[in-house]
Structure formats: structure tokens, C-alpha cells
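In our numbering, the protein residues as written are 15 to 144.
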């Protein structure tokens, strides 16, 4: 009886070992994305109007003066644009979209700030991401 129990346990152990080899090892997802941080400083884009940040042509954030936003994004190319999105005095009329493309790598953290020039809004890399 003891011998049959031991052989049954040995069989179960062999089966468990075979099944354990079929399961892929756990991978760390902690570094499988990139972090994009965008800040709107008070002087760089001096307007009281709300600024919309669009990722892949989808509104992803609304920023007022002094605000920041962070995104966890998959690695690869990201297209983004900035635009005044309010109505009334903040409505800028027909604008040429200033599309910017960023290439992100897994595990990196990129910091940008919003700036404004005569042709519109754009992002400037901050020293933390240079």
C-alpha cells in the first residue's frame, strides 16, 4: 500500500513538473511602458485659455496655467498636438494643427513644457528629459 501511494505521488509530481514547464515565466511589466509628463508653466504659454493636449488625435488632457499631466504610454511613436479648446475669446478660429511626433522607449520618463510662438503651441523638452 505504501509503495502504491509513493508511486502515485511520484506520478503527480512528474505531472506537476511537466505542467509548470508549459507556463511561460512571469515577465516584469514595470518597464514595458514610457512616462510622458507635460507641464503648462505660467509664463511659457501666457493665456488664461484652456489648452487641450491630443494624443493620436484624441483629446487626452485639458490644462490650465500651472497644471501638469502624466501618461503611461506604450513604447513607440506618439503623435501629439496642442490646441486652445475653449470658446468665446479663447477660440482661435481655424488653426494649422502643429503635430509633433515623439519616439518613446520602454522605461524612460520624458518631461516637456508647453510653449507658445506666433505659429501656435508646441512642446519643449525640459532638462530632466535631455
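Quick reminder that beta carbons are idealized off the backbone N, C-alpha and C, glycines included.
Hey, would you say residue 95 sits closer than 7 Å to residue 79, going by beta carbons? no
Nearest to residue 116 by alpha carbon, out of 65, 61, 93? 93
Nearest-angstrom Cα distance between residue 125 and residue 52? 6 Å
Can you name, in chain order, every residue of its own chain whose Cβ lies under 7 Å from the Cβ of residue 81, other than the five neighbours on each side? 54
From the DSSP output, read off the bridge partner residues of residue 136. 129
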